[in-house]
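Quick mapping for you: the protein sequence lines, in order, are chains A and B.
Residue numbering for the first sequence follows my numbering, starting at 471 and increasing by one per position.
Residue numbering for the second sequence follows my numbering, starting at 12 and increasing by one per position.
Beta carbons: idealized from backbone N, C-alpha and C, even for Gly.
Only one structure is covered here, and it is reproduced in the block below.
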Amino acid sequence: MTRAGRAATLQALLRPTGRVVGWLPFGVGAGVGLAMAGAASRLFDKLGPADAATLLRMAAVCGALGAAFLLDDPAVRTTRVVAVGRGARLGVRLALVVPVLALWWGAALAIVGSALTAPARLPVGALTVEAAALVCGALAVAAGTVRGAESGRAGPVAAPVVVFGVVVAFQLPYGWALIVPPGDARWTDAHQRWGVLVGVGLAGLWWAGREPVRDRAARLLRAVTR
Amino acid sequence: MSRVVFALARVEGMRLLRHPLTIAAVLLMAGPVLYGWLFGDGLPRFGLLHEPPRGLQLAMQLVLGGAALIAANFAVLRARRFGTEQQFAVLVLPERLRVAALLLALVPVALVGALLAVIYVGVLAFAPGAVGRLDPYEVATVPVLVLLMGGVGVLLGRLWRSVVVAPLLVVVSGAILLVFASVQAATDSFVPYAMTVDITDPMFLPPPQALLTWPSGLHLLYLTGLAALIGVAALAVRGGRSTRVLVAGAVSLVLTVAAVVVQTASTRDGLRTAAARQQPALQTCRVVERVTYCAFEEFVPWIDEWSAVTQGVLREMPPELTNRPLAVRQRAIAGTRGALGDPAGVPVAKWRADDAAAGTPGAVGIGTRWGDGTETGFAARLAYTLITGDPAALSTLCGGLGVVVTWIAGQATPLTRAGLERIDAMSFGGVSFPEGEIGAGILVPDAEISLATALLSRPTAEVGARVRENWTELTAEGTTLPRAAELLGLPAPKVVDDGWSCR
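Given below as structure tokens:
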């Protein structure tokens with residue numbers, strides 16, 4: 471396929487892909503998270519960075535649970551034979567999904583940030599890394615599930631994995647902690663670990679977007695005989 | 012028909028037990044204790060048998076209960092997810108009875124929870140130093156919590172067809188118990204009793220048995236009623252409303268509401284009385300080697316432990332400081348439900364007044380925990396009180412005084428030495444030796460701690476002689492850290508200005 475043709479194909483894919491993305495579960499998860507963080511942040515007399523971080527983490531986990539459903543693809547058995555590769559299809563989906571995720575997280579930061587008592591500041595960057603790790607993890611598991619499964623319902627696998635991961639994160643030993651309050655001595659180390667998790671999630675997404683190895687020979691053949 | 016229901020329940024029960032989430036939950040619950048036993052500090056010593064099931068309940072509800080919720084929810088929605096609902100419609104077993112079978116299938120998972128709870132409590136009871144009397148209601152609460160959560164999973168599956176709801180609810184229930192609970196502040200309201208577990212205690216000094224106010228029996232009744240109500244609701248939604256189901260629903264609703272009302276009413280007075288009680292009146296005092304120790308009834312066996320640490324501290328003190336009468340009194344916080352995370356909830360003034368009234372003015376406080384670093388805190392506050400005559404007010408110990416207090420605390424017994432290492436590893440800026448876990452107590456900045464740690468690695472007799480030789484200057488108010496290091500013959504540690512250091 472020529473570059474222009476490829477671009478046109480991807481563009482043509484945008485609208486139908488937007489229709490099949492599981493927006494409703496994500497809306498439910500993100501909405502519940504935002505509502506909970508918003509309501510809770512108004513319950514505090516004085517909202518400090520530590521409590522604000524907890525609320526944003528709650529919102530992030532709920533959003534990640536919703537994000538676990540964003541890659542659901544009930545038609546996965548029929549798309550195995552289409553000419554547009556798995557990576558391209560995943561890319562189109564991510565291109566649609568990522569701006570929405572960014573909007574959601576921006577809203578969460580704004581809602582909790584606005585309730586913060588005056589001189590305190592949110593560690594926006596660090597908390598964004600945490601949210602990114604959760605969402606990337608959820609998306610990677612979802613993408614991996616769609617890649618391997620006959621049915622394209624990835625959410626029922628990815629969402630429990632997210633819950634499980636969060637429970638594990640709470641139980642980590644002191645020196646390995648991921649969930650630490652702002653100002654803690656382990657803050658920087660913890661966020662390096664979160665950063666690594668973002669990397670692992672992205673690597674997982676990249677892997678999930680690759681076509682199965684056995685197809686590489688077929689692609690090579692196509693390239694030679696073109 | 013009932014045989015068919017039981018057969019289905021057996022199959023579904025097996026599937027729930029074998030579900031990856033259930034297995035993961037069991038590993039998560041058992042893992043940390045097993046790891047600690049095999050590679051860490053051994054079995055959890057100095058357990059409080061009347062207190063631990065609370066933390067266990069919270070973990071069980073969220074981890075094993077959460078797994079049961081999600082797994083049961085997915086089981087209800089299985090037919091829908093795989094598009095086989097129409098096939099089920101031709102089976103002899105009506106949908107209502109299939110739901111009943113699924114509710115029954117939660118029992119094995121709940122029994123696993125009960126087994127884990129019994130093992131945990133048993134380990135705690137047989138480990139050395141355990142005190143208190145086990146409350147069977149608190150242990151029985153664990154399987155009911157698992158049933159309750161599983162029932163919620165079934166109900167959700169009947170109400171909504173989306174599988175996002177169940178994992179979301181696990182997170183939301185965790186948030187309610189861990190976050191919202193710390194915000195709600197009304198002591199007298201019904202809210203704490205309408206929660207599934209007692210969320211108000213763990214951060215404070217756990218109360219002794221005599222000051223316990225949590226109505227565990229009534230609360231178990233409430234949870235049972237709630238679980239029944241949820242089960243009935245799962246049967247009744249989408250047309251399973253037979254007379255029997257409706258009657259069961261009405262009964263469990265009455266039971267649940269009544270249990271909350273009675274809990275709130277009965278505990279409101281209990282809390283007030285507990286807060287106002289003269290704690291010394293509930294304590295037994297014993298004199299060991301001229302030191303008076305006063306402990307709540309069940310903690311009397313710990314007096315020997317306290318005495319060992321006290322003697323370790325007195326050993327390195329100049330004789331003129333150890334001749335004065337000395338008293339050690341146990342502290343507990345009762346009746347502060349709802350004041351969570353609030354240092355004002357630590358009734359230091361009342362403790363002092365109680366001490367004076369009970370004839371032990373200026374007594375050194377000791378908590379209701381032991382063996383987790385609190386023993387080092389006690390040793391440090393004891394040393395500080397002996398040196399300054401002040402029963403450990405809220406202060407930062409700079410220079411020589413901080414070094415001496417920490418060194419004396421660290422060398423008292425092997426337990427306090429290990430405790431110092433543990434709390435130092437888990438703190439930043441400085442190590443605090445609090446009287447009530449938060450609030451009153453003393454704080455020693457990191458630079459002082461590092462000098463004291465350096466002293467601890469040298470022979471005790473040698474350091475002790477040196478400390479006593481320079482006692483007056485070392486413990487004087489203005490002795491700086493470099494000067495203290497010079498007196499002790501060690502290089503002065505580098506001071507990092509992190510906001511906690513002295514000037």
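### Query
Which residues does DSSP pair with Gln294 (chain B) in a beta bridge?
B:Phe307
### Task
Whole angstroms is fine: what's the gap from Val272 (chain B)'s alpha carbon to Val123 (chain B)'s?
31 Å
### Query
Which chain A residues are close to Leu32 (chain B), counting only those with a beta carbon under 9 Å from its beta carbon?
Pro630, Val633 and Phe634
### Task
Could you work out which residues of chain A lie near Ala186 (chain B), taking near to mean beta carbons separated by less than 7 Å?
Met506 and Met528
### Task
Use the C-beta contact count for Asn334 (chain B): other C-beta atoms within 10 angstroms, 16 or more gives buried, fewer gives exposed.
exposed
### Query
Taking a cut of 9 Å between CB atoms, which residues from the region 523 to 547 of chain A lie near chain B?
Thr524, Leu525, Met528, Val531, Cys532, Leu535, Gly536, Ala538 and Phe539
### Task
Using only alpha-carbon positions, find the residue among A:Arg476, A:Arg680 and A:Thr524 that is nearest to Glu600 (chain A).
A:Thr524
### Task
Establish whether the CB of Ala602 (chain A) and some CB of chain B are separated by less than 7 Å.
no
### Task
Below 8 Å on the Cβ atoms is my guess for Gly499 (chain A) versus Leu535 (chain A); work out the distance and round it to an integer in Å.
5 Å
### Message
Between Leu332 (chain B) and Gly411 (chain B), how many whole angstroms is the CB-CB distance? I'm expecting something under 8 Å.
### Response
No, Leu332 (chain B) and Gly411 (chain B) are not in contact; Cβ-Cβ is about 15 Å, not under 8 Å.
### Query
Given 8 Å as the limit, is there contact between the region 669 to 677 of chain A and the region 604 to 622 of chain A, that is, 3 or more CB pairs closer than that?
yes
### Task
Please name the residue in B:Thr224, B:Val15, B:Lys505 and B:Glu327 whose C-alpha comes closest to that of Leu393 (chain B).
B:Glu327
### Task
Step through the CB atoms of chain B and report whether any lies within less than 7 Å of the CB of Arg489 (chain A).
no
### Against chain A: residues of the region 280 to 299 of chain B by CB proximity under 8 Å
none
### Query
How is the beta strand (DSSP E) around Leu513 (chain A) delimited, first residue to last?
Per DSSP, Leu513 (chain A) belongs to no beta strand (DSSP E); it is in the alpha helix (DSSP H), Trp493 to Leu513.
### chain A within 7 Å of Thr95 (chain B), Cβ atoms only
no
### Message
Using the Cβ count rule (16 or more neighbours within 10 Å means buried), how would you classify Leu484 (chain A)?
### Response
exposed
### Query
Closer than 7 Å, CB to CB, is Gly499 (chain A) near chain B or not?
yes
### Query
According to DSSP, which residues form a beta bridge with Phe444 (chain B)?
B:Ile453
### Task
Just the chain A side, please: which residues come within less than 8 Å of Gly77 (chain B) by C-beta, in chain order?
Val633 and Val637
### Message
Comparing C-alpha positions only, which one of B:Glu459, B:Gly376 and B:Ser173 sits nearest to Phe439 (chain B)?
### Response
B:Glu459
### Query
Secondary structure at Leu223 (chain B), three-state DSSP: helix, strand or coil?
coil
### Message
I need the straight-line Cα distance from Tyr519 (chain B) to Gln294 (chain B), nearest angstrom please.
### Response
Chain B is shown only over 12 to 514; residue 519 (chain B) falls outside these bounds and no answer can be derived.
### Message
Quick check on the DSSP output: what are the complete beta strand (DSSP E) runs of length 3 or more inside the region 372 to 407 of chain B, in order along the chain?
### Response
375 to 377
#### Entry: With 16 other Cβ atoms within 10 Å as the buried cut-off, status of Ile72 (chain B)
The question names Ile, but residue 72 (chain B) in the sequence shown is Gln. Gln72 (chain B) comes out buried.
### Query
Taking the alpha-carbon positions, what's the Thr549 (chain A) to Arg172 (chain B) distance?
26 Å
### Closest Cα partner of Val165 (chain B) within the set B:Leu229, B:Gly400 and B:Gly76
B:Gly76
### chain A residues whose Cβ lies nearer than 7 Å to that of Phe201 (chain B)
Neighbours of Phe201 (chain B) on chain A: none; closest Cβ ~17 Å, over 7 Å.
### Task
For the region 304 to 319 of chain B and the region 240 to 260 of chain B, state whether three or more C-beta atom pairs, one from each stretch, are separated by less than 8 Å.
no
### Task
Please go through the same chain and pick out, in chain order, the residues whose beta-carbon is closer than 6 Å to the beta-carbon of Arg21 (chain B), but skip the five residues on each side of it.
none
### Query
Cβ of Trp418 (chain B) versus every heavy atom of the ligand MG: is any distance shorter than 6 Å?
This structure lacks the ligand MG, and indeed carries no ligand of any kind.
### Task
Look at the alpha carbon of Gly622 (chain A) and the alpha carbon of Arg547 (chain A), and state the distance between them as a whole number of angstroms.
8 Å
### Task
Given a cut-off of 7 Å, decide if Gly679 (chain A) and Arg556 (chain A) are closer than it, judged by their beta-carbon atoms.
yes
### Task
For Tyr644 (chain A), count neighbouring C-beta atoms within 10 Å of its own C-beta (all shown protein chains included) and say buried if the count is 16 or more, exposed if not.
exposed
### Query
Looking only at C-alpha atoms, which of B:Val265, B:Pro218, B:Trp225 and B:Leu466 sits nearest to Gln290 (chain B)?
B:Pro218
### Query
Where DSSP assigns a beta bridge to Val142 (chain B), which residues make up the other side?
B:Leu59
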